[in-house]
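Chains as they are written, first to last, in the working numbering: chain A, 1454 to 1713; chain B, 45 to 357; chain C, -7 to 380. Note that the Cβ used here is the ideal one computed from N, Cα and C, for glycine as well. Heads up: the structure comes next, in structure tokens.
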Amino acid sequence: MNESDTLPVPRGHASRGIALWRHWSVPLIWLALLLALTFGMSQLEALLRLIEPDTRQVLYQRTSLATLLGQHVFVVAVASVLAIVLGVGGAIAVTRPAGRDFLPLVAQVASIGQTFPPVAVLALAVPALGFGTLPIIVALLLYGLLPIVRNTLAGLSGIDPGVHEAARGMGMTRGQILRQVELPLAAPVIFAGIRTSVTINIATAAIGATVGASNLGDPIISGIVNGNTAYIVQGALLIGLLAITVDSTFERLLWRPMTG
Amino acid sequence: MIELFDVTKRFGSETAVDGISLRVEKGEFCALVGTSGCGKSTTLRMINRLIEHSEGEIHLDGQPVRSFNEELLRRRIGYVIQNTGLFPHWTVARNIGLVPRLLKWPRGKIQARTDELLGLLGLPREEFADKYPHQLSGGQAQRVGVARALAADPEILLMDEPFGALDPITRQTLQRELQDLQARLNKTVVFVTHDMDEALALADRLVVMHQGRIVQQGRPIDLLHDPVDAFVESLLGGMDRGLKEASLTCVSERMAPFGPRLLASERIPYRAPLSQALSVMLWHRVERLTVVDDEDIPIGELSLRRLLGAKPS
Amino acid sequence: MTTERCSPNWVLLCLMSAGLLAWLTLEAVSIAPNRLVAGTPHRAHEVHGWWAALLAGLPMLGVMVLAWRPGTRRLQAALALVVGLLVAMPLWLATAVMALADPDIPQARLGIGASLWLLLFLWLLVLIELRTRLNLSRAFGWLLLLPVVFAWWLSLSFWLEPLALYREYQGRSDQFASAIAYHLTLVGAAVGASLLLGIVLALCMRRYAGMRKAGFGLLNVVQTIPSLALFGLLLAPLAWLSARFDWLASMGVSGIGWAPAWLALVGYSLLPMVRNTYVALEGVAPAVIESARGMGMSRRQTFLQVRLPLALPVVLEGVRITTVQAIGLTAVAALIGAGGLGTFIFQGLGQAAMDLVLLGALPIIGLALVADALLGALAERLRHGGTP
Chain A
1454 MNESDTLPVP RGHASRGIAL WRHWSVPLIW LALLLALTFG MSQLEALLRL IEPDTRQVLY
1514 QRTSLATLLG QHVFVVAVAS VLAIVLGVGG AIAVTRPAGR DFLPLVAQVA SIGQTFPPVA
1574 VLALAVPALG FGTLPIIVAL LLYGLLPIVR NTLAGLSGID PGVHEAARGM GMTRGQILRQ
1634 VELPLAAPVI FAGIRTSVTI NIATAAIGAT VGASNLGDPI ISGIVNGNTA YIVQGALLIG
1694 LLAITVDSTF ERLLWRPMTG
Chain B
45 MIELFDVTKR FGSETAVDGI SLRVEKGEFC ALVGTSGCGK STTLRMINRL IEHSEGEIHL
105 DGQPVRSFNE ELLRRRIGYV IQNTGLFPHW TVARNIGLVP RLLKWPRGKI QARTDELLGL
165 LGLPREEFAD KYPHQLSGGQ AQRVGVARAL AADPEILLMD EPFGALDPIT RQTLQRELQD
225 LQARLNKTVV FVTHDMDEAL ALADRLVVMH QGRIVQQGRP IDLLHDPVDA FVESLLGGMD
285 RGLKEASLTC VSERMAPFGP RLLASERIPY RAPLSQALSV MLWHRVERLT VVDDEDIPIG
345 ELSLRRLLGA KPS
Chain C
-7 MTTERCSPNW VLLCLMSAGL LAWLTLEAVS IAPNRLVAGT PHRAHEVHGW WAALLAGLPM
53 LGVMVLAWRP GTRRLQAALA LVVGLLVAMP LWLATAVMAL ADPDIPQARL GIGASLWLLL
113 FLWLLVLIEL RTRLNLSRAF GWLLLLPVVF AWWLSLSFWL EPLALYREYQ GRSDQFASAI
173 AYHLTLVGAA VGASLLLGIV LALCMRRYAG MRKAGFGLLN VVQTIPSLAL FGLLLAPLAW
233 LSARFDWLAS MGVSGIGWAP AWLALVGYSL LPMVRNTYVA LEGVAPAVIE SARGMGMSRR
293 QTFLQVRLPL ALPVVLEGVR ITTVQAIGLT AVAALIGAGG LGTFIFQGLG QAAMDLVLLG
353 ALPIIGLALV ADALLGALAE RLRHGGTP
């Protein structure tokens, strides 16, 4: 399909701006809501008071919400970037002739591993690595690898063998085939894997608050411990908004019409 | 010129191609025919080194193929496969320009060449250049496949059942177009097919393969007359061979000048094959046809007796 | 490709050399006088001496030798060796207990060290690799684990009492059993409810296109919200409801406990369930439906006798995904007091008692794997045989 059929990007500057806005409006609105709540939670004190009328303190103030959001994003981003590099790289490596021996094992492990609940993986990371941010990053990285590896393998093996044959027959080098044919064709599937991975990571990172990482899970955990529902609501709202913002961003990224 | 000297290919303990020797002259159209699994595709793919041969030598213009860098070798050889193998994420124009781009032609030259090929294959540029492969019909996609193979003007064209997935009508159209193209471009073509009619219609030389060996090769007409064994005979159509032979001969070759009698009412173009003339006679229950030229002007007549083989002297 | 068949199996070689290295360099066990004190680590050769450690490494070396020129026979032999190794691990632990345990300290605890965990992991990978290379069925793979399970059971019941994990279990064996039961009940209730609701929703979506779009949109958003946040967000309204309506409170509905957990689990389960049911029903080949109608089957007969049975394997796939997901999410629900195996994990994390964490995490993984295998096998069977 021609790009202009689905994505209205016509001539003038103004209309291009409108098209861009139309394309990105949903994630931007979620982002705005997320930031507004992060920095303006105190404005909602009266509302939160309704939930928890008897408690003295309804605003979570142990650490600023902005810091918690920042740490949450940081942990997820580091783990996800590493997972993308290792996962896509690994999947490419085992589909090349040199690494093909490892393909069956890696494919099996990626599919069996996804049955492991992320909480359990997080819990196992603690005895192995201790409390704090590092074990969470490692756990997120390990777990986040699986959907990426799996989808990259699926994307690469889903390419019509005729296309591969033709690419070789036309005299493309291995590198050219990978960059110009295999990766572009597998990209939508790979991105879907990354999206799954990041979504899971955001959720699992929040649970990481129980093993000593400080992030948006903190208000929830401390709300549960102290029986303060207002804290829980603040944390839950922000995590929910963060997840939706990121997910809708991915949705827009993937929405670009793929041809073929 | 392509030469194979005693070439063998083994996959594990299986021998796919067993010591074959073959020589395809420059400008010759050579068809490899045989049942599936006879090694014809393997043979083809050894020429551009998609498969490396186990033993023997393969030469292009006197030089062993192994002496070339394999990617550079393939860029010099056009290659067309059954499922087109067009890149689904590229436009038609970009697909056609693939090899020129690999060869780092300047942009303007690639564009000009793409336009030229689109014209050559009857795909109007305005309509097709920016389409994606999934928007094309099977026949159009295969035309693009052929255009892509011809893009860098290779001397050699390898075609692996290029029309195998098309419906009979489209297939015939494309066969005719390929014939015209070959008449104009005069490439060295190696064409793999299991369709004997296709091979007979297109090839200057027929190579029949069976179980990894070449059982017979030669001009189509010679093979029809002299099949070396029962396998070749059955492949050539057994009792249908007469019609096949008739399809190789042109009406003009058997046509006689006007006789004393009235013009026959049924007409046949002088370039039509004899098989078609026979069909017209059968259909209208007549023994005589009027032969006409391209402008539908009578130029002679064809009788059943002459058609059956009283050769023109 | 004779040459390739004879080339070494690098996967096995890599895994096994990593295993040997871990065995000889990392700590195998640790022993602590009681629950509070950190244990003293012991490497394999510090338990029974170098000779014994090297001797125990021989089977691994054997697998490597067999992997050098892997024919079917050799791989089968390697498989036997690996199963043997897996069986030997608990027995070796038993000997370690005898060698290290001080009879004067009856409370002593034996912790499993990094090298044994790593070996367990690597050997299981080897098992998977061999199963794939030998083209063995999944069921056979599970069968291979039977002697291993038996060996662990035997060792635990006779010799491995000081194993820290086992001590934790003994301390709360009743709790453990009820936690598993509760965990499964919650998962079952959530999956069951979402199956019913999912089928109803999918049928409605087939009829009303508008509902399809809105429904999938909403379920997608729910699926995106992190579990901890969803549990939290359900907490406030449920607490409010139970405070307003006594009958709800008397049913046990409150802001914490099973109610928000169950609701959230159903919410998460709906997307995969509805999507799979919908896709399954839509995915039946039109030609089949057409021919059923052409033979004179009524709409109802076509649906019940043709469309539904053909869709069933894909629906079951939805049940499988949902169940595995729910087993994991229920663990998180322990944070809001829903009980189940997650309780052990979070208690253990709270007390820095790692063996307690394992007592929660390992069964959860086990349950997920077993549920996955069983439901997967059932779907496979339905796909091939039509009806079981």
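Since residue i is in the beta strand (DSSP E), which residue starts that stretch and which ends it?
| i | result |
| --- | --- |
| residue 269 of chain C | It is not in any beta strand (DSSP E) - residue 269 of chain C instead sits in the alpha helix (DSSP H) that spans 250 to 275. |
| residue 55 of chain B | 46 to 55 |
| residue 104 of chain C | 101 to 104 |
| residue 73 of chain B | 73 to 77 |
| residue 253 of chain B | 249 to 254 |
| residue 204 of chain B | 200 to 204 |
| residue 329 of chain C | Neither: residue 329 of chain C is in no beta strand (DSSP E) and is coded neither H nor E. |
To which residues does DSSP link residue i through a beta bridge?
| i | result |
| --- | --- |
| residue 96 of chain C | Paired residue(s): none; residue 96 of chain C is not in a bridge. |
| residue 155 of chain C | C/102 |
| residue 347 of chain B | B/332 |
| residue 67 of chain B | B/47 |
| residue 33 of chain C | C/22 |
Quick check: what's the CA-CA separation for residue i versus residue j?
| i | j | result |
| --- | --- | --- |
| residue 265 of chain B | residue 71 of chain B | 19 Å |
| residue 1687 of chain A | residue 353 of chain C | 29 Å |
| residue 299 of chain C | residue 290 of chain C | 12 Å |
| residue 282 of chain C | residue 272 of chain C | 17 Å |
| residue 141 of chain B | residue 180 of chain B | 17 Å |
| residue 24 of chain C | residue 95 of chain C | 13 Å |
| residue 1 of chain C | residue 1526 of chain A | 42 Å |
| residue 228 of chain B | residue 343 of chain B | 27 Å |
| residue 302 of chain C | residue 276 of chain C | 7 Å |
| residue 1513 of chain A | residue 1593 of chain A | 26 Å |
| residue 1654 of chain A | residue 1692 of chain A | 12 Å |
| residue 124 of chain B | residue 94 of chain B | 13 Å |
| residue 1644 of chain A | residue 1707 of chain A | 7 Å |
| residue 326 of chain B | residue 310 of chain B | 11 Å |
| residue 307 of chain C | residue 268 of chain C | 5 Å |
Pop quiz: residue i and residue j are said to be a contact at Cβ under 8 Å. What is the actual Cβ separation, rounded to whole angstroms?
| i | j | result |
| --- | --- | --- |
| residue 198 of chain C | residue 270 of chain C | 7 Å |
| residue 247 of chain B | residue 75 of chain B | 4 Å |
| residue 264 of chain C | residue 217 of chain C | Contact flag wrong, Cβ pair sits at about 15 Å. |
| residue 254 of chain C | residue 181 of chain C | 6 Å |
| residue 1579 of chain A | residue 349 of chain C | 6 Å |
Does any C-beta atom of chain D lie closer than 8 Å to the C-beta of residue i?
| i | result |
| --- | --- |
| residue 1652 of chain A | Absent here is chain D; the protein component of the structure consists of chains A, B and C. |
In this structure, does DSSP put residue i in helix, strand or coil?
| i | result |
| --- | --- |
| residue 195 of chain C | helix |
| residue 135 of chain B | coil |
| residue 217 of chain C | coil |
| residue 1514 of chain A | coil |
| residue 328 of chain B | helix |
| residue 168 of chain C | helix |
| residue 1570 of chain A | coil |
| residue 1504 of chain A | helix |
| residue 120 of chain B | coil |
| residue 302 of chain B | coil |
| residue 97 of chain B | coil |
| residue 1547 of chain A | helix |
| residue 126 of chain B | coil |
| residue 57 of chain C | helix |
| residue 238 of chain B | coil |
| residue 82 of chain B | coil |
| residue 317 of chain B | strand |
| residue 287 of chain B | helix |
Please report the residue range of the alpha helix (DSSP H) in which residue i lies.
| i | result |
| --- | --- |
| residue 313 of chain C | 300 to 325 |
| residue 1683 of chain A | 1682 to 1708 |
| residue 21 of chain C | From DSSP, residue 21 of chain C is part of no alpha helix (DSSP H) but of the beta strand (DSSP E) over 19 to 24. |
| residue 1660 of chain A | 1636 to 1660 |
| residue 1602 of chain A | 1586 to 1610 |
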